[in-house]
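J.: For the record, in the sequence shown the residue sitting at position 468 is 467 according to numbering that gives the first Met the number 0, with numbers rising by one throughout. All residues carry an ideal CB built from backbone N, CA and C; glycine is no exception. Keep in mind that this is a model prediction, so the values were computed, not measured. Pasting in a structure now, in structure tokens, and then I'll have a few things to ask.
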Amino acid sequence: MASQSLSTSQAASTTTTSMTSTSTAGSGANLSRKAKRQDGIPSSGSSSGHLELEKVPMPGTISASNGLAVAAGPNKQLYFVNGNAQYVTVPLNDLLASASSAQPPGSNGSGDSNDNSRANMPGSALKGGAIAGIVVGCVVGVALIAGLLWFLLRGRRSRRGGTRHLPAFETLPSDKEMSYTFRSAPNSLPTDVGNDDAVRDLRAITSGIVRQLPSEDSGERLLDPHAILAAGTPILAGAYLTTRDPAVILSRDDVEHQPYASRTIQGRNDYETYTMHYFSNQEVFLRAISIASTLGGTRGLAHHHDAVELTGRRHQQQRFRYLWISSPCVAYQSLQSVLHQEESQPRLVNINDYAYKAWSTYSLLESVANMHANGYVHLQLTPLAFYYRDIENVSDWILADMGYARRDNTRVTDLRLNQYSAPELFATATSDNKRCFRQTATQALDVWSLGALIYQLATGHQLTQDLAHMAQLSRRDRDQLFIRVTSACNDAGTVNASYRTLLEGMLQPDPERRLTAASLLDYWRDANGLYDDEHETTTSF
Numbered sequence: 000m001a002s003q004s005l006s007t008s009q010a011a012s013t014t015t016t017s018m019t020s021t022s023t024a025g026s027g028a029n030l031s032r033k034a035k036r037q038d039g040i041p042s043s044g045s046s047s048g049h050l051e052l053e054k055v056p057m058p059g060t061i062s063a064s065n066g067l068a069v070a071a072g073p074n075k076q077l078y079f080v081n082g083n084a085q086y087v088t089v090p091l092n093d094l095l096a097s098a099s100s101a102q103p104p105g106s107n108g109s110g111d112s113n114d115n116s117r118a119n120m121p122g123s124a125l126k127g128g129a130i131a132g133i134v135v136g137c138v139v140g141v142a143l144i145a146g147l148l149w150f151l152l153r154g155r156r157s158r159r160g161g162t163r164h165l166p167a168f169e170t171l172p173s174d175k176e177m178s179y180t181f182r183s184a185p186n187s188l189p190t191d192v193g194n195d196d197a198v199r200d201l202r203a204i205t206s207g208i209v210r211q212l213p214s215e216d217s218g219e220r221l222l223d224p225h226a227i228l229a230a231g232t233p234i235l236a237g238a239y240l241t242t243r244d245p246a247v248i249l250s251r252d253d254v255e256h257q258p259y260a261s262r263t264i265q266g267r268n269d270y271e272t273y274t275m276h277y278f279s280n281q282e283v284f285l286r287a288i289s290i291a292s293t294l295g296g297t298r299g300l301a302h303h304h305d306a307v308e309l310t311g312r313r314h315q316q317q318r319f320r321y322l323w324i325s326s327p328c329v330a331y332q333s334l335q336s337v338l339h340q341e342e343s344q345p346r347l348v349n350i351n352d353y354a355y356k357a358w359s360t361y362s363l364l365e366s367v368a369n370m371h372a373n374g375y376v377h378l379q380l381t382p383l384a385f386y387y388r389d390i391e392n393v394s395d396w397i398l399a400d401m402g403y404a405r406r407d408n409t410r411v412t413d414l415r416l417n418q419y420s421a422p423e424l425f426a427t428a429t430s431d432n433k434r435c436f437r438q439t440a441t442q443a444l445d446v447w448s449l450g451a452l453i454y455q456l457a458t459g460h461q462l463t464q465d466l467a468h469m470a471q472l473s474r475r476d477r478d479q480l481f482i483r484v485t486s487a488c489n490d491a492g493t494v495n496a497s498y499r500t501l502l503e504g505m506l507q508p509d510p511e512r513r514l515t516a517a518s519l520l521d522y523w524r525d526a527n528g529l530y531d532d533e534h535e536t537t538t539s540f
């Protein structure tokens, strides 16, 4: 049995979460990488990797009492007031009892009929309207006193927050739930040209990487992604040959916002297989190759091989002027194709097999953790950003699509949004929720997106229906967002308990409560006994 401690790495968070994991590879033996597509990992319902956490559950049922919807935690009360969650330490029954026991001034509470008769005599008692006013005033006074008491207790509670250990997943107070400020932004920006300053800086960085090729040497007609070419056709001055695989162009919606296509090619001299990526946006192109070349050789990331900018008058008006040649990132080998493959098509691997899910989850976590370790944040983690190497390694995933990546903790002026985007990004989104502005690139953004992907891999269901649904939960229905992610974590726990624990550290609406990819990777490896052949250790019994 292995034990491991994880904690949030964000500076603003002063709390730690103790995560105790149990290897489930079976009687202390580790699951070899060679067995990743065999039944070597425990089946559904195993308690592997379950953490001993202090839980504050969401209400199973909500009852109405004096306008408040109430749900009780183990040591505290959780109140939903007008849809906002509030924590107090005073039991609700005490507050209600104090309000109901208050008597109007001048009343002895005896209910004597003589008192009533005297009240009806002229000049002998206050009029009914005055009595009603006094009663209302008393009720308001009691409510104000209760509110003041709650405020003082809450203030004392917040001052003690530095020493209070929080669970990995907890419903947050309303002041944190609604901490995002929503600002109006333009509905659209030009996408065919990048930021001039950014392009200038990226050009300087990639000056020795991008080679320019005149139109007469490039084979312009052959480079059109719509062209149907015979295998072995020379392109790019004869340096590469086409293959039988046709070019793949993104869907209409994606093309309208950021035209992109790819084609599988072969090196003429080394006969190696590569992917040629077509770009229309210069900034995205330069950023992708600058980061890929900087992180060259990093495990789990696409490797840079070549980059070409087509020049000449005719190419000034061409939609795809920028070409990046990388290690294979074949469209039909993407995570998207695996998750959405039609049932009628033959499958290379059983995606419902837990061993496949576990090793795939490990590979996804490793790719992102390695990128973060090198100081970069991806910012566009979707099923189209990951590709498996080949049919012999369907659970080994390569991370590509780095055109929007940034250095960690740097400002981002313009960013595309999708249904996997973190909820805090929608605070500065356009009215159509397709772009956001004035954000900071942090690792927590990637952790949320990766959590949504892993949830889909584990359960076969999407965290949100689409971009519009994610935007609605993030901007207007914050309570529903908490309920949705709580349900998602429990749903994943039915596949294996370690999935629930993993996602509870990722799908946190508050970014400060998300764990790092490196910590999550360590937990997942130890909880499931996953070790690569080269990292495997021998244990004596």
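1) Less than 8 Å between the C-beta atoms of A246 and I397, yes or no?
2) The beta strand (DSSP E) that contains S325, what's its start and end?
3) In chain order, what residues of the same chain lie with their CB nearer than 8 Å to the CB of R210, ignoring the 5 residues before and after it?
4) Decide if I290 is buried, meaning its Cβ has at least 16 other Cβ atoms within 10 Å, or exposed.
5) Do H371 and Q442 have their beta-carbon atoms positioned less than 8 Å apart in this structure?
6) S420 to Q340, Cα distance in whole Å?
7) How is T409 classed by DSSP in three states: helix, strand or coil?
8) So who's on the other strand from W396, going by DSSP bridges?
9) Specify the secondary structure class of P546 as computed by DSSP and reduced to three states.
10) With DSSP as the reference, label M177 as helix, strand or coil.
11) Cα separation between L334 and Q461?
12) Using a Cβ cut-off of 8 Å (strictly closer), state whether N489 contacts chain B.
13) By Cβ distance below 7 Å, which residues in the same chain neighbour V198 in space, the five residues on each side in sequence not counted?
14) Could you tell me whether the segment 230–247 touches the segment 265–272, using the rule of 3 or more Cβ pairs below 8 Å?
15) Rounded to the nearest angstrom, how far is the Cβ of A559 from that of L529, given a contact under 8 Å?
16) Take the Cβ of N373 as the centre, count every other Cβ of all protein chains shown within 10 Å, and call the residue buried at 16 or more, exposed below.
17) For L444, which of helix, strand or coil comes out of DSSP?
18) Suppose the cutoff is 8 Å on Cβ atoms and the five residues either side in sequence are ignored; what does the same chain contact list for M505 look like?
19) Could you name the residues of the same chain whose beta carbon sits closer than 7 Å to that of A470, not counting the 5 residues immediately before and after it, in chain order?
20) Between the alpha carbons of Y403 and C488, how many angstroms are there, rounded?
21) Is the segment 386–396 touching the segment 344–353, taking contact as three or more C-beta pairs under 8 Å?
22) Is the distance from the Cβ of R434 to the Cβ of L456 below 8 Å?
23) Here's the rule: buried if 16 or more other CB atoms are within 10 angstroms of the residue's CB, otherwise exposed. What is I227?
24) DSSP three-state call for Q335: helix, strand or coil?
25) Quick one: grab the DSSP three-state call for I130.
26) Considering only DSSP beta bridges, list what V376 is partnered with.
27) By the 10 Å Cβ neighbour count, where 16 or more other Cβ atoms means buried, how is Q332 classified, buried or exposed?
28) In the structure shown, what three-state DSSP assignment does M370 receive?
29) Which residue comes first and which comes last in the beta strand (DSSP E) that contains M275?
30) In or out: Q464 buried (at least 16 other Cβ within 10 Å) or exposed?
31) For P213, which residues of its own chain have a beta-carbon under 7 Å away from its beta-carbon, when the five flanking residues on both sides are left out?
32) Consider the C-beta atom of T232 and the heavy atoms of the ligand SAH; say whether any pair is separated by less than 7 Å.
33) By DSSP's criteria, E308 is part of a beta bridge. Which residues make up the other side?
34) Report all residues from its chain with a CB closer than 7 Å to the CB of T202; omit the five preceding and five following residues, and keep chain order.
35) For Q507, which of S359, S292, L480 and T274 has the nearest alpha-carbon?
T.: Reading it off the structure:
1) Working through the sequence shown from its first residue, we reach residue 246 at position 247. Working through the sequence shown from its first residue, we reach residue 397 at position 398. Note that the C-beta distance between A246 and I397 is not below 8 Å.
2) Taking the sequence shown and counting its residues from 1, one reaches residue 325 at position 326. Residues Y321 to S325.
3) Within the sequence shown, numbered from 1, the residue matching residue 210 stands at position 211. Counting only Cβ-Cβ distances below 8 Å, and skipping sequence neighbours, we find D305, A306, V307 and E308.
4) For the purposes of this step, residue 290 is taken as residue 291 along the sequence shown, with counting starting at 1. So I290 counts as buried.
5) Walking along the sequence shown from the start, residue 442 turns up at place 443. Walking along the sequence shown from the start, residue 371 turns up at place 372. Yes; because the gap between Cβ atoms is below 8 Å, this pair is in contact.
6) Start at 1 with the first residue of the sequence shown, and residue 420 comes out as number 421. Start at 1 with the first residue of the sequence shown, and residue 340 comes out as number 341. Their Cα atoms are separated by approximately 23 Å.
7) For the purposes of this step, residue 409 is taken as the residue at position 410 of the sequence shown. Looking at T409 - three-state DSSP - the assignment turns out to be coil, as it is neither helix nor strand.
8) Your numbering for residue 396 matches position 397 in the sequence shown. In the DSSP secondary-structure assignment, W396 is bridged to Y387.
9) Because the chain here runs from 0 to 540, residue 546 falls outside it and cannot be looked at.
10) On the sequence shown, position 178 is the one that residue 177 refers to. A caution first: M177 carries a pLDDT of 32, below 50, which makes its placement in the model too unreliable to give a value.
11) Numbered from 1 along the sequence shown, position 335 holds the residue referred to as residue 334. Numbered from 1 along the sequence shown, position 462 holds the residue referred to as residue 461. About 13 Å.
12) Included in the structure is just one protein chain, with no chain B present.
13) Mapped onto the sequence shown, residue 198 falls at position 199. These residues qualify, in order along the chain: Q281, E282 and L285.
14) yes
15) Here the chain covers residues 0 to 540 and nothing more, so residue 559 does not appear.
16) As a working mapping, residue 373 is identified with position 374 in the sequence shown. With fewer than 16 other Cβ atoms within 10 Å, it is exposed.
17) Residue mapping note: residue 444 aligns to position 445 of the sequence shown, counting from 1. In the structure shown, L444 adopts helical secondary structure according to DSSP, grouped into three states.
18) Counted from its first residue, the sequence shown places residue 505 at position 506. Excluding positions up to five away in sequence, the list reads V446, W447, L449, G450, I453, R513, L514 and L519.
19) Here residue 470 refers to the residue found at position 471 when the sequence shown is read from its first residue. In its chain, beyond the 5 residues on either side, F425, A428 and N432 have a beta carbon closer than 7 Å to the beta carbon of A470.
20) Numbered from its first residue, the sequence shown carries residue 403 at position 404. Numbered from its first residue, the sequence shown carries residue 488 at position 489. Y403 and C488: Cα-Cα distance of roughly 29 Å.
21) Flag = yes, the segment 386–396 and the segment 344–353 touch.
22) As a working note, residue 434 is residue 435 in the sequence shown. As a working note, residue 456 is residue 457 in the sequence shown. No. Outside cutoff.
23) Residue 227 sits at position 228 when you count from the first residue of the sequence shown. Looking at its Cβ environment, which holds fewer than 16 other Cβ atoms inside 10 Å, I227 is exposed.
24) Locating residue 335 in the sequence shown gives position 336, counting from the first residue. Looking at Q335 - three-state DSSP - the assignment turns out to be helix.
25) For the purposes of this step, residue 130 is identified with residue 131 of the sequence shown, where counting begins at 1. Looking at I130 - three-state DSSP - the assignment turns out to be helix.
26) To locate residue 376, count along the sequence shown from 1; it is residue 377. DSSP lists R405 as partners of V376.
27) As a working mapping, residue 332 is identified with position 333 in the sequence shown. Answer is buried; the Cβ neighbour count reaches 16.
28) The residue given as residue 370 occupies position 371 in the sequence shown. In the structure shown, the three-state DSSP call for M370 is helix.
29) Within the sequence shown, the letter at position 276 stands for residue 275. First-last of the beta strand (DSSP E) with M275: T272 to F278.
30) Taking the first residue of the sequence shown as position 1, residue 464 is located at position 465. Its Cβ having fewer than 16 others within 10 Å, Q464 is exposed.
31) The residue given as residue 213 occupies position 214 in the sequence shown. Contacts found: T310 and G311.
32) For the structure depicted, the ligand SAH is absent and the ligand set is empty, with no information on it obtainable.
33) For this step, residue 308 is matched to residue 309 along the sequence shown. DSSP, once it has assigned bridges, lists Q211 and Y321 as partnering E308.
34) Stepping through the sequence shown from its first residue, residue 202 is reached at position 203. The amino acid occupying residue 202 in the given sequence is Arg; Thr does not appear at that position. Within the same chain, R202 has close Cβ partners L285.
35) Taking the first residue of the sequence shown as 1, we reach residue 507 at position 508. Comparing Cα-Cα distances from Q507 to each of S359, S292, L480 and T274, the minimum goes to L480.
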